[in-house]
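Enquirer: First, the structure itself, so that you have it in front of you.
In structure tokens form, the structure reads like this:
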């Protein structure tokens, strides 16, 4: 990786190690969050790297978390509560890299499980990063599901940066019953 700080390079090394352990445990994963947003044309400051997973039960992430601990990383598991928009987060941290967050994109109630599963499954490997990254239509759908104002602003900026992909985004949002939410976001002044 050229042009990146030593800390960023180390962050991606740790993310690739987490990816390898998750995959070895049968769990698909892909980059989501602000790094995916940057890959799709809207770079913004971030202090973590998010790896998305879509598992039914948070406990299936525990073996990978235990293996990361054995490798010497600080690992903290945040179990989901019933009203969480995500199904728990495992944070991997250390002194020489930015935190890696393994985010279960499936909420405890199972809402939006399909978009989470299909987003991870459709991710494409990005050679420079050595990790798969969620594609733009699914990234926008995930941002709409998350629903924060920052996520909605990301949607606006992503569509500005990728006007040729708006039809694909609209189709994906229709598939996941998020089209009205997308229309509301697009109608909101930024």
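Numbering (our numbering), first residue to last: -3 to 186. We put the beta carbon where it would ideally sit given N, CA and C, even for glycine. A quick note: this is a predicted structure, and the numbers were derived from the prediction, not measured.
Is the number of C-beta pairs between the region 60 to 70 and the region 7 to 25 that are closer than 8 angstroms three or more?
Expert: The answer is yes - the region 7 to 25 touches the region 60 to 70, with three or more Cβ pairs under 8 angstroms.
Enquirer: What are the boundary residues of the alpha helix (DSSP H) that includes residue 164?
Expert: Numbered from 1 along the chain shown, position 168 holds the residue referred to as residue 164. That run of the alpha helix (DSSP H) goes 162 to 171.
Enquirer: Closer than 9 angstroms, CB to CB, is residue 41 near chain D or not?
Expert: In the structure shown, chain D cannot be found, because there is only a single protein chain.
Enquirer: Would you kindly work out how many angstroms separate the C-alpha atoms of residue 168 and residue 77, rounded to a whole number?
Expert: As a working note, residue 168 is residue 172 in the chain shown. As a working note, residue 77 is residue 81 in the chain shown. Taking the straight line from one Cα to the other gives about 28 angstroms.
Enquirer: Would you decide whether residue 102 is buried or exposed? Buried here means 16 or more other CB atoms lie within 10 Å of its CB.
Expert: Position 106 of the chain shown, counting from 1, holds the residue named residue 102. Per the 10 Å Cβ criterion, buried.
Enquirer: Quick check on residue 70: buried or exposed, where buried means 16 or more other Cβ atoms within 10 Å of its Cβ?
Expert: The sequence position of residue 70 within the chain shown is 74, counting from 1. By the neighbour-count rule (16 or more Cβ atoms within 10 Å), residue 70 is not buried but exposed.
Enquirer: Taking residue 30 as part of the beta strand (DSSP E), name the residues at either end of that continuous run.
Expert: Translated into the one-based positions of the chain shown, residue 30 becomes position 34. Careful: residue 30 lies outside any beta strand (DSSP E), inside the alpha helix (DSSP H) at 29 to 35.
Enquirer: Grouping DSSP H, G and I as helix and E and B as strand, with all else coil, what is residue 109?
Expert: Here residue 109 corresponds to residue number 113 of the chain shown, with the count starting at 1. The answer is helix: DSSP assigns residue 109 an H, G or I state.
Enquirer: By alpha-carbon positions, which one of 38, 33, 49 ends up nearest to residue 22?
Expert: Here residue 22 is taken as the residue at index 26 of the chain shown, counted from 1. If we check each option's Cα against that of residue 22, 49 comes out closest.
Enquirer: Output needed for residue 86: all residues of its chain with C-beta closer than 6 angstroms, excluding positions within five of it in sequence on either side, in chain order.
Expert: As a position in the chain shown, residue 86 is number 90, starting the count at 1. Correct list, in chain order: 57, 61, 73, 98.
Enquirer: Going by the CB atoms, is the gap between residue 32 and residue 44 shorter than 9 angstroms?
Expert: Position 48 of the chain shown, counted from the start, is the residue given in the question as residue 44. Position 36 of the chain shown, counted from the start, is the residue given in the question as residue 32. In this structure, residue 32 does not lie closer than 9 angstroms to residue 44 by Cβ.
Enquirer: Residue 26: buried (16+ other C-beta within 10 angstroms of its C-beta) or exposed?
Expert: The sequence position of residue 26 within the chain shown is 30, counting from 1. That one is buried.
Enquirer: Using a Cβ-Cβ cut-off of 7 angstroms (strictly less than) and excluding sequence neighbours within five positions of residue 129, which residues of its own chain qualify?
Expert: Taking the chain shown and counting its residues from 1, one reaches residue 129 at position 133. The answer, listed in chain order, is 26, 27, 32, 35, 119, 120, 122.
Enquirer: At what residue ranges does the region 22 to 79 contain a whole run of the beta strand (DSSP E), taking only runs of 3 or more?
Expert: Whole beta strand (DSSP E) segments, 3+ residues: 26 to 28, 45 to 49, 70 to 74.
Enquirer: According to DSSP, simplified to helix, strand and coil, what is residue 174?
Expert: What you label residue 174 is simply residue 178 of the chain shown in a count that begins at 1. Coil, per DSSP.
Enquirer: Since residue 95 is in the beta strand (DSSP E), which residue starts that stretch and which ends it?
Expert: One-based indexing of the chain shown puts residue 95 at position 99. Where residue 95 is concerned, the enclosing beta strand (DSSP E) stretches over 93 to 100.
Enquirer: Return the Cβ separation of residue 93 and residue 1 in integer angstroms, given the expectation that the two are a contact with Cβ distance under 8 angstroms.
Expert: What you label residue 93 is simply residue 97 of the chain shown in a count that begins at 1. What you label residue 1 is simply residue 5 of the chain shown in a count that begins at 1. About 10 angstroms separates the two Cβ atoms, so there is no contact after all.
Enquirer: Have a look at residue 145 and residue 151 and give me their C-alpha separation to the nearest angstrom.
Expert: Within the chain shown, residue 145 is the residue found at index 149, counting from 1. Within the chain shown, residue 151 is the residue found at index 155, counting from 1. So the two alpha carbons sit approximately 10 angstroms from each other.
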